[in-house]
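S.K.: Top line first, the protein sequences correspond to chains A and B. Numbering-wise (the UniProt record's numbering), the first sequence opens with residue 1 and increments by one. Numbering-wise (the UniProt record's numbering), the second sequence opens with residue 1 and increments by one.
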Amino acid sequence: MATRSTELKQDGAPLPLKASGISRNRYIANMRKHWMLYLMILPGILFYVVFKYVPLAGSVIAFQDYQIFKGIWGSPWVGLDNFGFIFTYQDFYNVLRNTAVIALYQLLFGFPAPILLALLFNEIRLMVAKRVVQSLFYLPHFLSWVVVGGIVFELLSSQGVVNAVRGWLGYEPILFMQEAGYFRTIVVLSSIWKEVGWGTIIYLAAIAGINPNLYEAAVMDGAGRWKQTIHITLPTMFPTILVLFLLQIGNFLELGFDQIFNLLTPMTYSVGDIIETYVYRAGVLQGQYSMTTAIGLFQSVIGFILLWIFNRLARKTDQGLW
Amino acid sequence: MKATFGEKVFQTLNYVFLIAAAATMLFPLVQLLAVSFSSPVAADSKEVFLLPVEFTTASWEHILKNQGLWTSFGITVYITVVGTLLSMLFSVMTAYPLSRREFLLRKPVMLGIVLTMIFNAPMIPFFLTVRELGMMNSLWALILPGLIGTFNMIIIRTFFMGIPGELDDSARMDGCSDFGILFRIYLPLSKPVVATVSLFYAVGYWNTFSRAVLFIRDPEKWPLQMKLRAYLQSPEELAAVNMFLGDFDFNTTTLKAATILFATIPIILVYPYLQKYFVKGSMLGSLKE
């Protein structure tokens, strides 16, 4: 690293040019000397501008009456009309409620699951067993939601395994996927099934970084496994937990289109239709671009406000994202 | 150290719980496999669990004759191969300058990229942008809009930052350019991370779904996951025969099971390689930023 920092001094130090344009000249000199680096990153920057920032800026159509043939530059501005419209719209409240309720369940049950699982993994002493069990837990992460949705439908169908077991126990079969009452449970359970193993990796990395001396000292003091977990392992995981919690809060209303889209049936729309599936149907399929963009913008703003609030709270106790 | 009685009980329960839970990760796939090789009568009478009942290969023979499924399979193989190559090329080309201290725009560019992880592009403007670019019904719509995965790129960048600077200093003395250093020195040194990230990209392309929902309207160009969904929604198309005319050794249940597995088998085949690398790889990414 020492060589690099001297190199930095040579490159980074202002060249002996006029004092006024130092900073600009510094960039020009840097660009001249390392033009290849700039050339190399150009496609990447272009990618982020075109596919990330242009759509972000394109959100302004939420304030327009966007018409496809007039485009962004020709469509008339309508101020907050689209937002006024969605708040008088019954469908919007329904979709918003579904999204918020499922998001809350995901936070309550889906978020702690990998933390608990990582702690349980940490208690396995037999390395072979640990490796095998972990490999199995990571597998579903790599399956698509179409496949997982297909599996869920098969397992819960009238001929499926779950109803077979109910039959042995003398219960009537239930058409789980067609009943509104089960939909949210199925969403939460299927996403835990798919992602819980994968979610442990980052926590296991935090646990692996714990200094073994801490545990030895705790054993000296007569602490058992339980006390070691409570007083050493969990506190060390806390910063990681906090960062992941804040990231989930920031994307609170973004549940993932793929999962819901593949689990939803017309019979479960009343409880399962979320912002993303609604925006897809009303926006992409029916062409109500401005109204659905307003909904999307509302969703992002809620996420950002929540992130800001929780980040402030987090900073008071310990540390936040910024 | 001696374990207390309570700890021993916990250890036992922990093993029982984890092994049972791990089994549920595999069970649905095993059960589907058993159903796909069972007779329709057995499949519909809730008899099939871990092993096929009244073994028959009729379902597999039937779906493997399905031209539409193979077309979609071909499309998915194509976007997986081309997409992974392009994604890797542009990811390393973005990661390399961002790992160099002498690249003055390193910090602002990095910030701009990380911000896109917090502020996702909303669905409709994203859809309109890609459509404006003329990519509707083009397979490029399945590749270019997701060309660089930010998380993957950061994993590569973190690995590059750990490569000692002395190596490229000496290469530079020998007249090596930045492209030369990247492709002749950095990439050969980064085999594990390149393998990990390539597999991440490949799995991502294989599982491409929502972008196809948005951009591919022409069923002839559907990737495998789209085709699978269509068949799961209307399995009678998969059967493509009138089930009431004649006696078949398959029905929609066994055909659906075989089709789900057909779309999953490549993932399961690469999984042993995948999981050998990814734990290490994704830990690398979590260390910085």
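Built from N, CA and C at the ideal position, the CB exists for glycine as well. Model, not experiment: these values are computed from the prediction.
Flag G146 (chain B) as yes if its beta-carbon sits less than 9 Å from any beta-carbon of chain A, otherwise no.
M.R.: Looking up residue 146 (chain B) in the second sequence gives position 146. Output row for G146 (chain B): interface = yes.
S.K.: Buried or exposed: S39 (chain B), going by 16 or more other Cβ atoms within 10 Å of its Cβ?
M.R.: Working through the second sequence from its first residue, we reach residue 39 (chain B) at position 39. Classification for S39 (chain B): buried.
S.K.: Evaluate contact between the region 222-233 of chain B and the region 248-262 of chain B, counting only Cβ atoms and requiring at least three cross-stretch pairs below 8 Å.
M.R.: Result yes; three or more Cβ-Cβ pairs closer than 8 Å.
S.K.: Would R172 (chain A) count as contacting chain B if we go by Cβ distances under 9 Å?
M.R.: Here the question's residue 172 (chain A) lines up with position 172 in the first sequence. Reading the sequence as shown, one finds Glu at residue 172 (chain A) and not Arg. No, no contact with chain B.
S.K.: Could you tell me which of A:I260, A:T229, A:I274 and A:S75 sits nearest to E7 (chain B), measuring between CA atoms?
M.R.: In the second sequence, the residue the question calls residue 7 (chain B) occupies position 7. Among A:I260, A:T229, A:I274 and A:S75, the Cα nearest to that of E7 (chain B) is on A:T229.
S.K.: How about L214 (chain A): is its C-beta nearer than 9 Å to some C-beta of chain B?
M.R.: For the purposes of this step, residue 214 (chain A) is identified with residue 214 of the first sequence, where counting begins at 1. With 9 Å as the cut-off, L214 (chain A) does not count as an interface residue toward chain B.
S.K.: Give me, in chain order, the residues of the same chain whose beta-carbon lies closer than 6 Å to that of G197 (chain A); leave out the 5 immediate sequence neighbours on both sides.
M.R.: As a position in the first sequence, residue 197 (chain A) is number 197, starting the count at 1. F137 and Y138.
S.K.: Between Q178 (chain A) and the rest of its own chain, which residues show a CB-CB distance below 8 Å, the 5 nearest in sequence each way excluded?
M.R.: Residue mapping note: residue 178 (chain A) aligns to position 178 of the first sequence, counting from 1. If we look at Q178 (chain A) and ignore the five residues flanking it on each side, its Cβ neighbours are T265, M267 and T268.
S.K.: Check whether the region 216-226 of chain B and the region 70-90 of chain B are in contact - that is, three or more C-beta pairs closer than 8 Å.
M.R.: Contact between the region 216-226 of chain B and the region 70-90 of chain B is present, because at least three Cβ pairs lie under 8 Å.
S.K.: Which class does Q67 (chain A) belong to by DSSP, given the choice of helix, strand or coil?
M.R.: Position 67 of the first sequence, counting from 1, holds the residue named residue 67 (chain A). Correct three-state label for Q67 (chain A): coil.
S.K.: What did DSSP end up calling W77 (chain A) once you bin it into helix, strand or coil?
M.R.: In the first sequence, the residue the question calls residue 77 (chain A) occupies position 77. Here W77 (chain A) sits in strand by DSSP.
S.K.: Looking at chain A, is there any beta carbon in it that lies within less than 9 Å of the beta carbon of I178 (chain B)?
M.R.: Numbered from its first residue, the second sequence carries residue 178 (chain B) at position 178. In the sequence under discussion, the amino acid at residue 178 (chain B) is Asp, which differs from the Ile named in the question. Yes, because at least one Cβ of chain A sits closer than 9 Å to the Cβ of D178 (chain B).
S.K.: Along the region 30-42 of chain A, where does the CB come closer than 7 Å to a CB of chain B? Name the residues.
M.R.: Residues passing the 7 Å Cβ filter: N30, H34, M36, L37, M40 and I41.
S.K.: Find the residues of chain A that neighbour I113 (chain B), judging by a C-beta separation of less than 7 Å, and give them in chain order.
M.R.: Here residue 113 (chain B) refers to the residue found at position 113 when the second sequence is read from its first residue. In chain order: Y48.
S.K.: Quick one: what's got a C-beta closer than 8 Å to Q11 (chain B)'s C-beta in the same chain, skipping five residues either side?
M.R.: Mapped onto the second sequence, residue 11 (chain B) falls at position 11. Counting only Cβ-Cβ distances below 8 Å, and skipping sequence neighbours, we find A3.
S.K.: Taking the beta carbon of Y93 (chain A) as the centre, do at least 16 other beta carbons fall within 10 Å, making it buried, or is it exposed?
M.R.: In the first sequence, residue 93 (chain A) corresponds to position 93, counting from 1. With fewer than 16 Cβ atoms within 10 Å of its Cβ, Y93 (chain A) is classed as exposed.
S.K.: Please tell me whether T116 (chain B) and T94 (chain B) are closer than 9 Å, where the distance is taken between their beta carbons.
M.R.: Reading the second sequence from its first residue, position 116 is the one you call residue 116 (chain B). Reading the second sequence from its first residue, position 94 is the one you call residue 94 (chain B). Not closer than 9 Å, so no.
S.K.: Considering only their Cβ atoms, is the gap separating L204 (chain A) from N122 (chain A) smaller than 9 Å?
M.R.: As a working note, residue 122 (chain A) is residue 122 in the first sequence. As a working note, residue 204 (chain A) is residue 204 in the first sequence. A contact, by the Cβ cut-off of 9 Å.
S.K.: Just checking my contact of T264 (chain B) with P55 (chain A) at CB under 8 Å: how many whole Å lie between their CB atoms?
M.R.: By one-based count along the second sequence, residue 264 (chain B) stands at place 264. By one-based count along the first sequence, residue 55 (chain A) stands at place 55. In fact, because the Cβ distance is near 32 Å, the residues do not count as touching under 8 Å.
S.K.: CA-CA distance, S91 (chain B) and Y201 (chain B)?
M.R.: The sequence position of residue 91 (chain B) within the second sequence is 91, counting from 1. The sequence position of residue 201 (chain B) within the second sequence is 201, counting from 1. Cα to Cα, S91 (chain B) sits roughly 11 Å from Y201 (chain B).
S.K.: So, is L287 (chain B) buried or exposed, given that buried needs 16 or more other C-beta atoms within 10 angstroms?
M.R.: Residue 287 (chain B) sits at position 287 when you count from the first residue of the second sequence. The pLDDT assigned to L287 (chain B) is 43, lower than 50, so where the model puts this residue is not dependable; a value taken from the coordinates is nonetheless given after this. Exposed.
S.K.: From the DSSP output, in three-state form, read off P223 (chain B) for me.
M.R.: Start at 1 with the first residue of the second sequence, and residue 223 (chain B) comes out as number 223. Three-state DSSP puts P223 (chain B) in coil, outside helix and strand.
S.K.: For the pair the region 26-33 of chain A and the region 99-106 of chain B, tell me if three or more CB-CB distances fall below 8 Å.
M.R.: The region 26-33 of chain A, when compared against the region 99-106 of chain B, does touch it at the 8 Å Cβ threshold.
S.K.: Measure the alpha-carbon distance for V35 (chain B) versus P52 (chain B) and round it to whole angstroms.
M.R.: Position 35 of the second sequence, counting from 1, holds the residue named residue 35 (chain B). Position 52 of the second sequence, counting from 1, holds the residue named residue 52 (chain B). Roughly 6 Å between the two C-alpha positions.
S.K.: What are the boundary residues of the alpha helix (DSSP H) that N120 (chain B) is part of?
M.R.: Taking the first residue of the second sequence as 1, we reach residue 120 (chain B) at position 120. Where N120 (chain B) is concerned, there is no enclosing alpha helix (DSSP H), given that its DSSP letter is neither H nor E.
S.K.: Since V241 (chain B) and M88 (chain B) are thought to touch, with beta carbons under 8 Å apart, how far apart are those beta carbons, to the nearest angstrom?
M.R.: Here residue 241 (chain B) is taken as the residue at index 241 of the second sequence, counted from 1. Here residue 88 (chain B) is taken as the residue at index 88 of the second sequence, counted from 1. Incorrect: roughly 43 Å between the Cβ atoms, too far for contact.
S.K.: Does the distance from the C-beta atom of L37 (chain A) to that of D178 (chain B) stay below 9 Å?
M.R.: Locating residue 37 (chain A) in the first sequence gives position 37, counting from the first residue. Locating residue 178 (chain B) in the second sequence gives position 178, counting from the first residue. Cβ atoms of L37 (chain A) and D178 (chain B): closer than 9 Å.
S.K.: Could you tell me how far apart the beta carbons of F252 (chain A) and A103 (chain A) are, in whole angstroms, since I believe they sit closer than 8 Å?
M.R.: Translated into positions along the first sequence, residue 252 (chain A) becomes position 252. Translated into positions along the first sequence, residue 103 (chain A) becomes position 103. With 8 Å as the limit, F252 (chain A) and A103 (chain A) qualify as a contact, their Cβ atoms being about 5 Å apart.
S.K.: If we ignore side chains and look at the alpha-carbon of each, how far apart do F109 (chain A) and Q248 (chain A) end up?
M.R.: For the purposes of this step, residue 109 (chain A) is taken as residue 109 along the first sequence, with counting starting at 1. For the purposes of this step, residue 248 (chain A) is taken as residue 248 along the first sequence, with counting starting at 1. Going from the Cα of F109 (chain A) to the Cα of Q248 (chain A) covers about 13 Å.
S.K.: Does the beta carbon of S191 (chain A) sit closer than 9 Å to a beta carbon anywhere in chain B?
M.R.: Here residue 191 (chain A) is taken as the residue at index 191 of the first sequence, counted from 1. No - not a single Cβ of chain B is within 9 Å of the one on S191 (chain A).
S.K.: Using a Cβ-Cβ distance cut-off of 9 Å, determine whether N94 (chain A) contacts chain B.
M.R.: As a working note, residue 94 (chain A) is residue 94 in the first sequence. Not one chain B Cβ lies under 9 Å of N94 (chain A).
S.K.: Against D44 (chain B), what residues of chain A qualify as contacts under a CB-to-CB distance less than 7 Å, listed in chain order?
M.R.: Position 44 of the second sequence, counted from the start, is the residue given in the question as residue 44 (chain B). Q159, listed in chain order.
S.K.: Okay, do the region 51-71 of chain B and the region 21-36 of chain B touch, 3+ Cβ pairs below 8 Å being the bar?
M.R.: Yes, since at least three Cβ pairs between the region 51-71 of chain B and the region 21-36 of chain B fall closer than 8 Å, the two stretches touch.
S.K.: Within this structure, are the beta carbons of A282 (chain A) and F85 (chain A) separated by less than 9 Å?
M.R.: On the first sequence, residue 282 (chain A) is found 282 positions in, with the first residue counted as 1. On the first sequence, residue 85 (chain A) is found 85 positions in, with the first residue counted as 1. Going by C-beta atoms, A282 (chain A) is not nearer than 9 Å to F85 (chain A).
S.K.: Looking at N262 (chain A) and G149 (chain A), is the spacing between their C-beta atoms short of 9 Å?
M.R.: Indexing the first sequence from 1 puts residue 149 (chain A) at position 149. Indexing the first sequence from 1 puts residue 262 (chain A) at position 262. Contact: yes.
S.K.: Taking its Cβ as the centre, do 16 or more other Cβ atoms sit within 10 Å of G58 (chain A), making it buried, or is it exposed?
M.R.: Taking the first residue of the first sequence as 1, we reach residue 58 (chain A) at position 58. Burial call: buried.
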